[in-house]
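Residue numbers (the working numbering), protein chains in the order written: chain A, 3 to 127; chain B, 22 to 376. For each residue, glycine too, the CB sits at the ideal point set by N, CA and C. Since the structure is predicted, the reported quantities are computational estimates derived from the model, not experimental observations.
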Amino acid sequence: MPEADVPVLDHEVLDEVLESTGNDIDFVKELIDTYLADAPAQLEDMAAAMEADNAASLVRPAHTLKSSSATVGAMRLSAVARELEMAGRSGLLEPSAREMLAEAQAESAAAAEAIGAWLARASAE
Amino acid sequence: MTTQGTALVVDDSAVNRLMLARRLETLGLEVLQAENGLEALDVLAARPGAVDVVVLDVLMPELDGYETLAAMKGTEATRHIPVLVVSSVEELDSVVRCIELGASDYLPKPINASILAARINASLAAKRLHDVEQALNRTIERQKEELSRFLSPQVAALVSSPDGEQLLAGHRREITVAFCDLRGFTAFAERADPEELMTLLSQYHRMMGEAITEHEGTLEHFAGDGVMVFFNDPIPQDDHVERSVRMAVAMRDRFAELAELWRHRGYELGFGVGIAVGHATLGRIGFDGRHDYGAIGNVTILASRLSSQAQAGQILLSPQAQAMLEELVDSEPVGELTLKGLTQPVLASNVVGIR
Numbered sequence: 003m004p005e006a007d008v009p010v011l012d013h014e015v016l017d018e019v020l021e022s023t024g025n026d027i028d029f030v031k032e033l034i035d036t037y038l039a040d041a042p043a044q045l046e047d048m049a050a051a052m053e054a055d056n057a058a059s060l061v062r063p064a065h066t067l068k069s070s071s072a073t074v075g076a077m078r079l080s081a082v083a084r085e086l087e088m089a090g091r092s093g094l095l096e097p098s099a100r101e102m103l104a105e106a107q108a109e110s111a112a113a114a115e116a117i118g119a120w121l122a123r124a125s126a127e
Numbered sequence: 022m023t024t025q026g027t028a029l030v031v032d033d034s035a036v037n038r039l040m041l042a043r044r045l046e047t048l049g050l051e052v053l054q055a056e057n058g059l060e061a062l063d064v065l066a067a068r069p070g071a072v073d074v075v076v077l078d079v080l081m082p083e084l085d086g087y088e089t090l091a092a093m094k095g096t097e098a099t100r101h102i103p104v105l106v107v108s109s110v111e112e113l114d115s116v117v118r119c120i121e122l123g124a125s126d127y128l129p130k131p132i133n134a135s136i137l138a139a140r141i142n143a144s145l146a147a148k149r150l151h152d153v154e155q156a157l158n159r160t161i162e163r164q165k166e167e168l169s170r171f172l173s174p175q176v177a178a179l180v181s182s183p184d185g186e187q188l189l190a191g192h193r194r195e196i197t198v199a200f201c202d203l204r205g206f207t208a209f210a211e212r213a214d215p216e217e218l219m220t221l222l223s224q225y226h227r228m229m230g231e232a233i234t235e236h237e238g239t240l241e242h243f244a245g246d247g248v249m250v251f252f253n254d255p256i257p258q259d260d261h262v263e264r265s266v267r268m269a270v271a272m273r274d275r276f277a278e279l280a281e282l283w284r285h286r287g288y289e290l291g292f293g294v295g296i297a298v299g300h301a302t303l304g305r306i307g308f309d310g311r312h313d314y315g316a317i318g319n320v321t322i323l324a325s326r327l328s329s330q331a332q333a334g335q336i337l338l339s340p341q342a343q344a345m346l347e348e349l350v351d352s353e354p355v356g357e358l359t360l361k362g363l364t365q366p367v368l369a370s371n372v373v374g375i376r
């Protein structure tokens, strides 16, 4: 797995967001809530594309998930989403793509948990 | 805090929009948002002139970044708005394509606050410069328009042309001068009430003005009933002598109707013209605070003196003008005229008609 050495959550990303907004924890919460609300929808769109065996329609949700995950520091999910985007662009959905989707779903849960832990700590500070 | 400008963030990811909007607000910008290219174009159309910079994602539903860029650059109202394309490093191909389509620059993902600040400031500076330039152009256009109400259109164009200063400073050129005035005007002015006087002048000036414009003459001045027009300057006209006589004949024909109208009210008015060809010095004449574009030379004096000698309905040509128009004009000699200020008598001819 290329993403094995990538952290589930790069804490520095959210730390930087918090710092650059003048420790506006409410804004960071809003950002996280938006992310946690949107990511499942993108995973669903990707699942639907996989179901329909439609490589082209996998690209956009995978791309969006890659990008928004990176924005909040969910680097491992971002990396898996990137693989899925590339798989979509290749035009062929190999069986490995389905495994990647399952991995993305698992990573999404892991990211949500790590983000929740970060937020709990940051709110306490 | 005063706003630095307005940015439009176009991204299908709500998280990215939120993050970008926040960073842009931190830079002092007001932020509008759109989820895709179609929405972005709607926002731009609904608020013309409001957006100073667009931050554009490439991969979006409905209308992607390329299509949005192409639409913006193809529309006059949005062509000059700087566009920053948001892209990950691995998508440099798409960045190149966007820049070819007219994007100003790109922002690498994930967004770095310092790079964002630098690119936004550069874009806003470019936009401001463009806006200032536009405003300046509008001012110049408006001034030109205003100027052309006071000056001859040719002179107004000259004032704002690149070599205008040189021409205004003074130059010598052969010109044809046509000087027109009315017989019986002084008597009319004495008897007529002010309303009648202004009515006549306005009818007469409008009629003269139309003929001058049709023949592209340069109006030097109106002074009561006296009108001085010259040709071949500031715009060169190979047929300047011909133009002047065609204008004078048109004026004489049209004036006949006006004279008829005023005859019914009991006023006898006649129209006379003097035309002369020769070299003159042309340029800015006057003093600080009030200048005119004028012509100085014997040619203007000659035209003016011929005009004052002309009987009602006569168009008097100087000998040189007559010689140059021999082919075109039927004329009759009116004999030697002794003109005020000129030592030699002048053999003038009256234009009967154009062949």
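Could you give the DSSP three-state label for B:V64: helix, strand or coil? helix
Is it the case that the segment 169-184 of chain B contacts the segment 285-295 of chain B, given that we only count it when at least three CB pairs across the two stretches are under 8 Å? no
Contact with chain B by A:D32, beta-carbon distance below 8 Å: Note that residue 32 of chain A is Glu in the sequence shown here, rather than Asp. A:E32 counts as touching chain B.
Looking at the structure shown, is B:D313 part of a helix, part of a strand, or coil, going by DSSP? strand
Using only the alpha-carbon positions, how far apart do B:M22 and B:E112 sit? Unreliable placement is indicated for B:M22, whose pLDDT of 47 sits below 50; the coordinate value is still reported in the next sentence. Whole-angstrom Cα-Cα distance: 37 Å.
For B:D63, which residues from the same chain have a beta carbon less than 8 Å from its beta carbon, with the 5 sequence-adjacent residues on both sides left out? A55
To the nearest angstrom, how far is it from the Cα of A:A104 to the Cα of B:V79? 27 Å
Along the chain, which unbroken stretches of the alpha helix (DSSP H) at least 4 residues long are found entirely within the segment 73-104 of chain B? 86-94
Where B:N371 falls: helix, strand or coil (DSSP): strand
Interface residues of chain B facing A:S69 [CB-CB closer than 9 Å]: Residues of chain B whose Cβ lies closer than 9 Å to the Cβ of A:S69 are, in chain order, D32, S34, V36, N37, D78, L80, V107, S109, K130 and P131.
Rounded to the nearest angstrom, what separates A:D47 and A:E14 at their Cα positions? Approximately 29 Å between the Cα atoms of the pair.
Taking Cβ positions, are B:I322 and B:A199 nearer each other than 8 Å? no
Mind checking which residues open and close the beta strand (DSSP E) that includes B:L203? H192 to R204
Quick one: residues in its chain with C-beta nearer than 6 Å to the C-beta of B:C201, no 5 flanking neighbours on either side, listed in chain order? V248 and V294
Where do the N-terminal and C-terminal ends of the alpha helix (DSSP H) with A:L20 fall, by residue? Counting along the chain, the alpha helix (DSSP H) containing A:L20 begins and ends at H13 to S22.
Can you list, in chain order, the residues of its chain whose CB lies under 8 Å from that of A:A92, leaving out five sequence neighbours each side? Just to set this straight, residue 92 of chain A is Ser in the shown sequence, not Ala. Hits under 8 Å: A57.
Pull up the distance between the alpha-carbon of B:G26 and that of B:E154, whole angstroms please. 17 Å
Please list, in chain order, the residues of the segment 52-64 of chain A that have any C-beta partner in chain B closer than 7 Å. R62
Determine, using beta carbons only, whether A:V74 comes closer than 8 Å to chain B. yes
8 Å Cβ cutoff, B:R43 in contact with chain A: yes
Using a cut-off of 9 Å between C-beta atoms, extract the partners of A:D28 located in chain B. Those do not exist, as A:D28 stays about 11 Å from chain B at its closest Cβ, beyond 9 Å.
Are the C-beta of A:S22 and some C-beta of chain D separated by less than 8 Å? As a matter of chain content, chain D is missing from the structure shown, whose protein chains are A and B.
Would you tell me roughly how many angstroms separate the C-alpha atoms of B:G315 and B:E211, rounded to the nearest one? The straight-line gap separating the alpha-carbon atoms of B:G315 and B:E211 is approximately 30 Å.
Please report how far the alpha carbon of B:R267 lies from the alpha carbon of B:A324, in whole angstroms. 16 Å
Residues, ordered as in the chain, of the segment 117-151 of chain B that lie near chain A by beta-carbon distance below 7 Å: K130, P131 and A134
Alpha helix (DSSP H) runs contained entirely in the segment 238-319 of chain B, provided each spans 4 or more residues: 261-285
Assuming B:R377 contacts A:T23 under a Cβ cut-off of 8 Å, what Cβ separation, rounded to an integer in Å, is found between them? A question about residue 377 of chain B goes unanswered here, because the residues of chain B that appear run from 22 up to 376.
Let me confirm a value: A:A116 is counted as buried when at least 16 other C-beta atoms fall within 10 Å, else exposed. Which label applies? buried
Please determine whether the Cβ atom of B:R204 lies at a distance below 7 Å from any heavy atom of the ligand FAD. In terms of ligand content, the structure shown is empty, and the ligand FAD therefore cannot be addressed.
Leaving out five residues before and five after A:M102 in sequence, what residues of the same chain have Cβ atoms less than 8 Å from its Cβ? V82, E85, L86 and A89
Does the pairing of the segment 58-75 of chain B with the segment 89-105 of chain B give three or more beta-carbon distances under 8 Å? yes
Length of the line joining the Cα atoms of A:L94 and A:R62: 15 Å
Cα-Cα separation between B:E281 and B:E231, rounded to whole angstroms: Approximately 19 Å, taken between the alpha carbons.
Minimum C-alpha distance to B:D32 - residue among B:L122, B:L53 and B:E216: B:L53
In terms of residue numbering, what span does the beta strand (DSSP E) encompassing B:V52 cover? Segment L50 to A55, the beta strand (DSSP E) holding B:V52.
Helix or strand or just coil, what does DSSP make of B:D32? coil
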